[in-house]
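Structure, as structure tokens:
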Amino acid sequence: MGEPKNRRRGDELLESLFASAFKLINEQGHTNLSFKQLAAAAGTSRTVLYRRWPTILNLLQDVYIHKAKKLFDGSFFDELQDTGSLRNDLIELLSLYQRIQLEIGIDIINNYYHIRLQDKEHDKRPAAHDLAREKHLQAVRRILDRAEARGEPIRNISQLTLMLPYDLIRIENLVRPGNLDNDRIENLVDEVLLPAFVSKE
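Position one of the sequence shown corresponds to residue 415 (the working numbering), numbered consecutively onward.
The following block contains the structure:
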């Protein structure tokens, strides 16, 4: 027997799946989500879901990446301007990160990283995660290269340290959501990032 003529396909089906999954997550939490529930809510079959996502973990990661698309595609980095100093460039970067986090929703981003913690073997990490990380690294490198070209003394910095700007914003929103104002961002730049990036020699 063929599939019903009104069954969704392609991008339309994917949008329906993501919308249905997110609705179920909001209603009952992601820990109780099942392929059976999602298939019924989206008007498709479990076979279709298994074909794309071998586990619920894989599906949940894609749901959150879809909701946080602007964060993961990194297009917002085009908004960054050369402010004329490393300090102001970093303040602009952290402020931009925070604006994007608030626009997407702190809970969506925190839930994505909560899901990532369940991947103990790190073998289910989506490609979008690694691509986003590389774009974040490139953006910070550009900021530091500009600072060095202006004559500011920049340390030889590891990838771990290059991730500090984003990690700081993520951790701040995790442990003290709603308390990250402009003064706090300036303190993070002055007390954490500048000492990590600028050489005293």
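Note that CB positions come from ideal geometry on N, CA and C, so glycine has one too.
_Is the beta carbon of K534 closer than 7 Å to that of L471?_
For L471 and K534, no; Cβs fall outside 7 Å.
*Could you name the residues that DSSP lists as bridge partners for V612?*
DSSP lists I568 as partners of V612.
*Would you please state the rounded distance, in angstroms, between the beta carbons of Q475 and P540? I believe it to be under 8 Å.*
At roughly 5 Å, the Cβ-Cβ gap stays under 8 Å, so Q475 and P540 are in contact.
*Where does K447 sit, in a helix, a strand or coil, going by DSSP?*
Reading off the sequence shown, one finds Leu at residue 447, where the question assumed Lys. The answer is coil: DSSP assigns L447 none of H, G, I, E or B.
*Cα-Cα separation between V589 and I520, rounded to whole angstroms*: Rounded to the nearest angstrom, the two C-alpha atoms are 11 Å apart.
*Beta carbon of S489 nearer than 7 Å to that of A456*: For S489 and A456, no; Cβs fall outside 7 Å.
_If you measure between the beta carbons of V554 and L576, is that distance less than 7 Å?_
The answer is yes: Cβ separation under 7 Å.
*Tell me which same chain residues have a C-beta within less than 7 Å of the C-beta of H480, skipping the five on either side of it?*
Closer than 7 Å at Cβ, skipping near neighbours: F432.
_Can you find the residues in the same chain that come closer than 7 Å, C-beta to C-beta, to G416, ignoring five residues on each side of it along the sequence?_
Any reading at G416 needs caution, since the residue's pLDDT is 44, under 50, leaving its predicted position unreliable; the model's value is listed next. In its chain, beyond the 5 residues on either side, no residue has a beta carbon closer than 7 Å to the beta carbon of G416.
*What do you get for H536, buried or exposed, if any count of 16 or more other CB atoms within 10 angstroms of its CB means buried?*
Burial check for H536: the Cβ neighbour count within 10 Å stays below 16, so the residue is exposed.
*Please confirm whether V462 and A435 have their CB atoms less than 7 Å apart.*
Between V462 and A435, the CB-CB gap reaches or exceeds 7 Å.
*Put G424 into one of helix, strand or coil per three-state DSSP.*
Of the three classes helix, strand and coil, the one that applies to G424 here is helix, per DSSP.
*Could you say which of I514, V603, L485 lies nearest to L545 if we only look at CA atoms?*
When each option's Cα is compared against that of L545, the closest is L485.
*asked:* Can you tell me whether D503 is helix, strand or coil according to DSSP?
replied: In the structure shown, D503 sits in a helix (DSSP, three-state: H, G or I).
*Going straight from the alpha carbon of N587 to that of I505, what length do you get?*
One C-alpha to the other measures close to 16 Å.
*When you compare only the Cα positions, how much space is there between L510 and D492?*
Approximately 11 Å, taken between the alpha carbons.
*Which value, in whole angstroms, describes the spacing of the CA atoms of K437 and N570?*
N570 has its alpha-carbon roughly 46 Å from the corresponding atom of K437.
*Rounded straight-line distance, which links the Cα of I522 to that of K549*: Taking the straight line from one Cα to the other gives about 20 Å.
*Would you decide whether Y464 is buried or exposed? Buried here means 16 or more other CB atoms lie within 10 Å of its CB.*
When all chains shown are included, Y464 counts as exposed.
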